[in-house]
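Colleague:
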Amino acid sequence: MRSKVIEILAGLFMIIGFLALLFLAFKVSGLTRLEQGATYRVTADFEDIGSLKVRAPVQVSGVTVGRVTDIDLDPDTFRARVTMQIDSQYNDLPVDTSASIFTQGILGSNYVALTPGFESEHLRAGSHIETTHSALILENLIGQLLFSLKSDKNKPAGSAAHQQPAPNPA
Amino acid sequence: MNAIQRLGRIGIDFCGHLGVSGLFLCRAVFCRPKLRQAWPLFSYQLYKIGILSLIIILLSALFIGMVVALQGYNTLRKFGAEQELGQLVALSVVRELGPVVAALLFAGRAGSALTAELGLMRATQQIGGMEMMAVDPMWRIVAPRLWAGFIALPILAILFNVVAIMGGHFVGVDWLGVDDGAFWSNMQEAVGFREDIVNGIIKSVVFGFITTWVAVYQGFYSEPNAAGISKATTRTVVFSSLLVLALDFVLTSLMMGGW
Numbered sequence: 797m798r799s800k801v802i803e804i805l806a807g808l809f810m811i812i813g814f815l816a817l818l819f820l821a822f823k824v825s826g827l828t829r830l831e832q833g834a835t836y837r838v839t840a841d842f843e844d845i846g847s848l849k850v851r852a853p854v855q856v857s858g859v860t861v862g863r864v865t866d867i868d869l870d871p872d873t874f875r876a877r878v879t880m881q882i883d884s885q886y887n888d889l890p891v892d893t894s895a896s897i898f899t900q901g902i903l904g905s906n907y908v909a910l911t912p913g914f915e916s917e918h919l920r921a922g923s924h925i926e927t928t929h930s931a932l933i934l935e936n937l938i939g940q941l942l943f944s945l946k947s948d949k950n951k952p953a954g955s956a957a958h959q960q961p962a963p964n965p966a
Numbered sequence: 568m569n570a571i572q573r574l575g576r577i578g579i580d581f582c583g584h585l586g587v588s589g590l591f592l593c594r595a596v597f598c599r600p601k602l603r604q605a606w607p608l609f610s611y612q613l614y615k616i617g618i619l620s621l622i623i624i625l626l627s628a629l630f631i632g633m634v635v636a637l638q639g640y641n642t643l644r645k646f647g648a649e650q651e652l653g654q655l656v657a658l659s660v661v662r663e664l665g666p667v668v669a670a671l672l673f674a675g676r677a678g679s680a681l682t683a684e685l686g687l688m689r690a691t692q693q694i695g696g697m698e699m700m701a702v703d704p705m706w707r708i709v710a711p712r713l714w715a716g717f718i719a720l721p722i723l724a725i726l727f728n729v730v731a732i733m734g735g736h737f738v739g740v741d742w743l744g745v746d747d748g749a750f751w752s753n754m755q756e757a758v759g760f761r762e763d764i765v766n767g768i769i770k771s772v773v774f775g776f777i778t779t780w781v782a783v784y785q786g787f788y789s790e791p792n793a794a795g796i797s798k799a800t801t802r803t804v805v806f807s808s809l810l811v812l813a814l815d816f817v818l819t820s821l822m823m824g825g826w
């Protein structure tokens, strides 16, 4: 009788362990959203991808429609080729959709934003996105800002002297 | 000269122990199974090793989750990032604290008990008696304990993870007032099933293997007297704790180092 109780307890122990694993999978890691349905592959070439990473989200109007699956360098043009898998639920993106790389927040990670165009033809598996906008690199922006401030100062006195005080560098 | 000789003897002894314990492990794990009789033996060991360790493991998990949440909250608040508390608690527990602390507690609670039990069996010549009756002690005594340890520790570590996260949720959301939805959604955003949870479980499988192996080997080959048993029990706890911490570093750098 005692051994039967112990066997039942041992079985329950294993079942509880399995249930806890399910809890970890669904509640903690949110596995349901990684549930891979059918996807199709789209590529795009960028001048500069900043710090875009594989597995970064691909979004249309802020809604995640896919993931970046591969990044490598085109050996001929030396542009970055980004491969994305888009959920085939979203198979009606126009063929002249453009792709840009944005940053989540000011210091967040990069993601790809697709802006739909107006053509009636749709992107298909293996399509290539022609219009792309590179990542905005903070250092480049600051460099351009400093450069334009400097060139403002070098202008003739008449135009520069009466402008508002120099912008607060903060 | 004497020092060199002593060093050499330590080296030879070490290799000898390693070889004996490896053979011991193979003999115990690959012994011929008798399925009908194996399950009661195994389930009794699983009860003793796993279920009786539940209370200490779950209580420590609760407190560890609570203290991680409390510490994390006070630091994250400086950066205005309290919302990320769920991510902090879940990642630190699932990746490191769960497998390691569960393994250390397991080595102290179950490993030392295994060693003492087997050592006493050796000292009172029960093992020799079994061999006399043509019952293979490997199969009858050692194998069920090894398998129970291999299976119990991963389950205990998973339960540890769950309870620690619930403890963190209790402190973070119910007490300190982090938003409930942000707690879970930031956690789900940051924790990956394959790269965090499965890797944590792989760690705990390795730790279960190591701690049980050390405990059973030390007990089975302990000197058959009271001092020998106490020495073997001490060695079990020391060796398995050190091995767990060292292997944790190796496994982390292999699986999560991002090489």
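Chains as they are written, first to last, in my numbering: chain Y, 797 to 966; chain P, 568 to 826.
The beta-carbon is built from N, C-alpha and C at its ideal position, and this holds for glycine as well.
(1) Going by the CB atoms, is the gap between residue 661 of chain P and residue 577 of chain P shorter than 8 Å?
(2) Give the straight-line distance between the Cα atoms of residue 919 of chain Y and residue 886 of chain Y, rounded to the nearest whole angstrom.
(3) With the cut-off set at 8 Å, would you say residue 780 of chain P and residue 592 of chain P are in Cβ contact?
(4) DSSP on residue 900 of chain Y, reduced to helix/strand/coil?
(5) With a threshold of 8 Å between beta-carbons, can residue 763 of chain P be considered close to chain Y, or not?
(6) In the DSSP assignment, find the unbroken beta strand (DSSP E) run with residue 836 of chain Y in it and report its ends.
(7) Tell me which residues share the same chain as residue 799 of chain Y and place their Cβ nearer than 8 Å to its Cβ, disregarding the 5 neighbours each side in the sequence.
(8) For residue 729 of chain P, return the contacting residues in chain Y, with the cut-off set at a CB-CB distance below 7 Å.
(9) With 8 Å as the threshold, decide whether the Cβ of residue 923 of chain Y is near any Cβ in chain P.
(10) Whose C-beta lies closer than 8 Å to the C-beta of residue 635 of chain P among residues of the same chain, with five residues either side of it excluded?
(11) Report all residues from its chain with a CB closer than 7 Å to the CB of residue 809 of chain Y; omit the five preceding and five following residues, and keep chain order.
(12) Could you check whether the Cβ of residue 842 of chain Y sits closer than 8 Å to any Cβ belonging to chain P?
(13) Using a cut-off of 8 Å between C-beta atoms, extract the partners of residue 812 of chain Y located in chain P.
(14) Might you give, ordered along the chain, the residues of its own chain that have their beta carbon closer than 6 Å to the beta carbon of residue 771 of chain P, omitting 5 neighbours on each side?
(15) Residue 822 of chain P by DSSP, collapsed to three states: which one?
(16) With C-beta atoms as the reference, is residue 802 of chain Y less than 8 Å away from residue 610 of chain P?
(17) Counting only beta-carbon atoms, is residue 932 of chain Y nearer than 8 Å to chain P?
(18) Taking residue 815 of chain Y as the reference, which of P:613, P:743, P:729, P:799 has the closest Cα?
(19) Please classify residue 878 of chain P: is it buried, with 16 or more other beta-carbons within 10 angstroms of its beta-carbon, or exposed?
(20) Is DSSP giving residue 880 of chain Y helix, strand or coil here?
(21) Rounded to a whole number of angstroms, what is the C-alpha to C-alpha distance between residue 817 of chain P and residue 822 of chain Y?
(22) List, in order along the chain, the chain Y residues whose C-beta lies closer than 9 Å to that of residue 607 of chain P?
(23) For residue 830 of chain Y and chain P, any beta-carbon pair shorter than 8 Å?
(24) Taking C-beta pairs closer than 7 Å, name the residues in chain Y that residue 657 of chain P reaches, listed in chain order.
(25) Give the residues of chain P in contact with residue 898 of chain Y, contact being defined as C-beta atoms less than 8 Å apart.
(26) For the stretch 755-813 of chain P, which segments carrying the beta strand (DSSP E) assignment without a break, of at least 3 residues, lie completely within its bounds, in sequence order?
(27) Alpha carbon to alpha carbon, how far is residue 726 of chain P from residue 809 of chain P? Give it in angstroms, no decimals.
(28) Alpha carbon to alpha carbon, how far is residue 619 of chain P from residue 862 of chain Y?
(29) Along the stretch 667-689 of chain P, where does the CB come closer than 9 Å to a CB of chain Y? Name the residues.
(30) In the DSSP output, which residue or residues are listed as bridge partners for residue 928 of chain Y?
(31) Roughly how many whole angstroms lie between the Cα atoms of residue 640 of chain P and residue 628 of chain P?
(32) What do you reckon, are the CB atoms on residue 572 of chain P and residue 712 of chain P nearer than 8 Å?
(33) So the alpha helix (DSSP H) residue 650 of chain P belongs to, where does it begin and stop?
(34) Residue 871 of chain Y: buried (16+ other C-beta within 10 angstroms of its C-beta) or exposed?
(35) Can you tell me which of the three DSSP states residue 890 of chain Y falls into?
(36) Can you round the beta-carbon distance between residue 785 of chain P and residue 682 of chain P to whole angstroms, since I take them to be within the 8 Å contact cut?
Modeller: On the basis of the data shown:
(1) no
(2) 10 Å
(3) yes
(4) coil
(5) yes
(6) 835-842
(7) none
(8) 816, 819, 820
(9) no
(10) 655, 656, 659, 660, 664, 731, 735
(11) none
(12) no
(13) 722, 726
(14) 666, 720, 721, 724
(15) helix
(16) yes
(17) no
(18) P:729
(19) Outside the displayed range of chain P (568 to 826) lies residue 878 of chain P, so it cannot be described from this structure.
(20) strand
(21) 28 Å
(22) 799, 802, 803
(23) Unreliable positioning characterises residue 830 of chain Y in this predicted model, as indicated by a pLDDT of 49, which lies under 50. A coordinate reading is not provided.
(24) 824
(25) By Cβ distance, chain P contributes nothing, its closest Cβ being about 17 Å from residue 898 of chain Y, past 8 Å.
(26) none
(27) 23 Å
(28) 46 Å
(29) none
(30) Y:895
(31) 18 Å
(32) no
(33) Run containing residue 650 of chain P: none; DSSP gives neither H nor E here.
(34) exposed
(35) strand
(36) 5 Å
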